[in-house]
Amino acid sequence: MAEKEKAPARRYAGEAILADNLKILIIDDDPDFRASTRSLLESHGYAVLEAGSGREGLRRVVEQRPDIIVLDIMMECDSEGYGVNQAIKFQDAYADYRSIPIVMTSSIDLSPDERFPMAGELDMIRPDFYLTKPLDIPKFLEVVQRASALCHSHGRA
Amino acid sequence: MSEPAEQETIVVIDDDYAMRLSCRKILSKMGFRVEAFEDGGQGLEGVTKLKPSLVLVDLKMPGISGMEVVTRIHEVRPEIVLVVITGYPTIDTAVGAMKCGAYDFLPKPFSPDELRLIVNRGLEHRRLSLEMRRSEMERALLKRRFITFVSHQLQTPLVAIHQYLDVLKHLDNTESATAKRQEWLERCLKRTDELQAIIKDWLSLARIEGESFSRQWIKVDLQRIIADILRTYEEMAATNAVSLESRIPENTYFVRGDRDCLSVVFDNLIVNAIKYNKPGGKVTVSGEDLGGEVAIAVADTGVGIPEKYHPLLFEEFFRVEGEGDKKTPGTGLGLSICRRLVSEMGGSISVDSEVNVGSTFRVRLLEYRAPAEEEEKKGSSG
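Each protein sequence line maps, in turn, to chains A and B. Its first residue numbered 1, the first sequence is counted upward by one per residue in our numbering. Its first residue numbered 158, the second sequence is counted upward by one per residue in our numbering.
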């Protein structure tokens, strides 16, 4: 931990190689959150795309095929992010994008299991990764790295 | 407004054929669907299948006893009203049945009127308790949603600020951090303003809810209030390239109300008119004497509101859907606060709007008339 704090931001062991060319799509309705997250990710060698709503996000997924998606839960409606997650993971129209890892974020500190305690379709809304906002930066970078590893092992289309 | 009542089902469980027949006859005539069973076993099966509103059970039957039938139904479906029919109406049996979950008891022999009375009473009890349960559930749900909503609304700007500062700290003295620092600090300040505006909105709402503001309506000159507000927002209007105009003359529009409440109302309307305007647009505040009432119109030449949203505009939390970044920060409470305050003062608020042309919000308020002045005015106006 201590060495991380001192090291220049770009030099996380092995990360630069992994991060190169990886495209991350941030779907969040807060432009400020996108701006800071973009700079953080760019400083670690990722390319960043942005979308301000679920609808725009889905459009970008198809148009630009990101490698990882960072997705906010509460946008226009309480559960917009879950809708995007569900679409990508289960709808036929997005079958080609199903393997893209999704990191869900929310400022409400409730995992999907607590949020929908009775939902039988819980598996349909459970994201690959879940983080609360504000993001813990080292943890977020670690999760993104794990997600990158995931898309490498899946092989990219 | 109750929805068309669907036919309610009543189940009769009695081993006596004559009893089943007469109950069926009387209750069918009352418009119920009646199903009768001759023993407890069949009765329980029937209840499971038919989900009746009310069950009449004879206490003394061969096989499964009436008391047990009552107990079992009550355990599984407590919302079903149970009435026991008993040949020996002692206090003990009645109390026993009630303990097992019966709502009432009917001693044999009984008249058709007695049966009708007890059935109606039982069903009324059911309606009330169902209604109560429903409203309790609704309230709990609403409270939960409300808490989620408020915390999300307060968290959003805080998260944005925190993340800017944290990323700045993380990037430390790298080139990108130096380049961003100034811009991001500006954004942080903007977001703290937003946070303060949100808290202000919530406080005004809490104040209305708590009804702690004065109910002593006094004479208020609207010109002063509106001029003050327009002055406050001159800079904001200039930034948005919007011009402001007041056509409210001095000493003309006196209304009966509370200065603070009126300030909140026109503050909200004028800020909206600036926020949802277009560069080069205009905000005009004008007045009209309606005789006994004063109408103040706040008109903008902005983006307008699609007609389908007009009925929802004054609802709490309602926000007109914006596309991505075009969204303007706000609580979705401003207009609902306006409506509540205006109606507290005996007035009303309405909107006229056309997409891409602009919106006009009209507030109608009661004209102030002092008792002494009243006489004078009567004389002068004929």
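All C-beta atoms in this analysis are idealised placements derived from N, C-alpha and C, irrespective of residue type, glycine included. None of the values given here were measured: they were computed from a predicted structure.
TODO: Taking C-beta pairs closer than 9 Å, name the residues in chain B that A/D92 reaches, listed in chain order.
DONE: Residue numbering aside, residue 92 of chain A sits at position 92 when the first sequence is read from its first letter. None at all; the shortest Cβ gap to chain B is about 26 Å.
Open item on the list: What does the alpha-carbon distance come out to for the pair A/I26 and A/N85?
Closed with: For this step, residue 26 of chain A is matched to residue 26 along the first sequence. For this step, residue 85 of chain A is matched to residue 85 along the first sequence. Pairing A/I26 with A/N85, the inter-Cα distance amounts to about 13 Å.
- [ ] Pick out whichever of B/I427, B/N408, B/Y466 and B/V460 has its Cα sitting closest to the Cα of B/D446.
- [x] Residue 446 of chain B sits at position 289 when you count from the first residue of the second sequence. Among B/I427, B/N408, B/Y466 and B/V460, the Cα nearest to that of B/D446 is on B/N408.
- [ ] Identify whether A/K139 lies in helix, strand or coil by the three-state DSSP scheme.
- [x] Counting from one through the first sequence, the residue named residue 139 of chain A turns up at place 139. It is helical.
TODO: Find the residues of chain B that neighbour A/P134, judging by a C-beta separation of less than 7 Å, and give them in chain order.
DONE: Within the first sequence, residue 134 of chain A is the residue found at index 134, counting from 1. Within chain B, the residues near A/P134 are V316, H319, Q320 and D323.
Open item on the list: What does DSSP give as the partner residue(s) for B/T166 in the beta ladder?
Closed with: Here residue 166 of chain B is taken as the residue at index 9 of the second sequence, counted from 1. Under DSSP, B/T166 forms a beta bridge with B/R190.
- [ ] Pick out whichever of B/A452, B/K439 and B/S420 has its Cα sitting closest to the Cα of B/L147.
- [x] The shown model of chain B, from 158 to 539, leaves out residue 147 of chain B, and the question about it has no answer.
Open item on the list: Could you tell me the alpha carbon to alpha carbon distance between A/R11 and A/H44, rounded to whole angstroms?
Closed with: Counted from its first residue, the first sequence places residue 11 of chain A at position 11. Counted from its first residue, the first sequence places residue 44 of chain A at position 44. Low confidence applies to A/R11: its pLDDT is 42, below 50, so where it sits in the model is not reliable, and the reading given next is rough at best. Roughly 8 Å separates the two Cα atoms.
- [ ] Note down the Cα distance separating B/D329 from A/S39, rounded to an integer number of angstroms.
- [x] Here residue 329 of chain B is taken as the residue at index 172 of the second sequence, counted from 1. Here residue 39 of chain A is taken as the residue at index 39 of the first sequence, counted from 1. Distance between the alpha carbons of B/D329 and A/S39: 12 Å.
Open item on the list: Just to confirm the assignment: which complete alpha helix (DSSP H) runs, minimum length 4, are found wholly within the segment 171-240 of chain B?
Closed with: Runs found: 174-186, 197-207 and 223-233.
TODO: Please classify B/S292: is it buried, with 16 or more other beta-carbons within 10 angstroms of its beta-carbon, or exposed?
DONE: Indexing the second sequence from 1 puts residue 292 of chain B at position 135. That one is exposed.
Open item on the list: Let me check understanding here. Comparing Cα to Cα, which of A/A87, A/M74, A/E80 and A/S99 lies closest to A/K133?
Closed with: As a first step, residue 133 of chain A must be located in the first sequence, where it is residue number 133. A/K133 has its Cα closest to that of A/M74, out of A/A87, A/M74, A/E80 and A/S99.
Open item on the list: I need the DSSP call for B/P468, collapsed to helix, strand or coil.
Closed with: On the second sequence, position 311 is the one that residue 468 of chain B refers to. Here DSSP, grouped into helix, strand and coil, assigns B/P468 to helix.
Open item on the list: Contact criterion: CB-CB distance below 9 Å. Does B/R348 meet it with respect to chain A?
Closed with: Your numbering for residue 348 of chain B matches position 191 in the second sequence. So, interface residue.
Open item on the list: Can you look up B/Y321 in the DSSP assignment and give me helix, strand or coil?
Closed with: For the purposes of this step, residue 321 of chain B is taken as the residue at position 164 of the second sequence. Helix.
Open item on the list: Please classify B/E480 as buried or exposed, where buried requires at least 16 neighbouring CB atoms within 10 angstroms.
Closed with: As a first step, residue 480 of chain B is located in the second sequence; it is residue number 323 there, counting from the start. Here the model assigns B/E480 a pLDDT of 43, short of 50, so the residue's position is not dependable, and the following value carries that caveat. It is exposed - the Cβ of B/E480 has fewer than 16 other Cβ atoms within 10 Å.
Open item on the list: Buried or exposed, going by whether 16 or more other CB atoms sit within 10 Å of the CB of B/K483?
Closed with: The sequence position of residue 483 of chain B within the second sequence is 326, counting from 1. Caution is warranted here: a pLDDT of 49 is assigned to B/K483, below 50, making its placement in the model unreliable, and no coordinate value can be reported.
TODO: Look at the alpha carbon of A/I102 and the alpha carbon of A/R34, and state the distance between them as a whole number of angstroms.
DONE: In the first sequence, counting from the first residue as 1, residue 102 of chain A sits at position 102. In the first sequence, counting from the first residue as 1, residue 34 of chain A sits at position 34. If you take the alpha carbons of A/I102 and A/R34, they lie about 16 Å apart.
Open item on the list: In this structure, how does DSSP classify B/S308 when only helix, strand and coil are distinguished?
Closed with: By 1-based counting over the second sequence, the position of residue 308 of chain B is 151. In the structure shown, B/S308 adopts helical secondary structure according to DSSP, grouped into three states.
Open item on the list: What residue range does the alpha helix (DSSP H) around B/A384 cover?
Closed with: On the second sequence, position 227 is the one that residue 384 of chain B refers to. Run containing B/A384: L379 to T389, per the alpha helix (DSSP H) assignment.
Task: B/A452 (DSSP reduced to helix, strand or coil) - done: As a first step, residue 452 of chain B must be located in the second sequence, where it is residue number 295. It is a strand residue.
TODO: Taking C-beta pairs closer than 7 Å, name the residues in chain A that B/Q199 reaches, listed in chain order.
DONE: For this step, residue 199 of chain B is matched to residue 42 along the second sequence. Under the 7 Å cutoff, chain A gives no residues; its nearest Cβ is about 34 Å from B/Q199.
Task: Reference B/D457, options B/L274, B/V512 and B/S333, closest by Cα - done: Locating residue 457 of chain B in the second sequence gives position 300, where the first residue counts as 1. Closest by alpha carbon: B/V512.
Open item on the list: Comparing C-alpha positions only, which one of B/K182, B/G491 and B/A454 sits nearest to B/L360?
Closed with: Position 203 of the second sequence, counted from the start, is the residue given in the question as residue 360 of chain B. B/L360 has its Cα closest to that of B/G491, out of B/K182, B/G491 and B/A454.
- [ ] Using a Cβ cut-off of 9 Å (strictly closer), state whether A/E42 contacts chain B.
- [x] Taking the first sequence and counting its residues from 1, the one referred to as residue 42 of chain A is at position 42. With a threshold of 9 Å between beta carbons, A/E42 makes contact with chain B.
Open item on the list: Within a Cβ cutoff of 7 Å, which residues of the same chain sit near B/C495, ignoring the five residues on either side of it in sequence?
Closed with: As a first step, residue 495 of chain B is located in the second sequence; it is residue number 338 there, counting from the start. The answer, listed in chain order, is V422, N425, L426 and I506.
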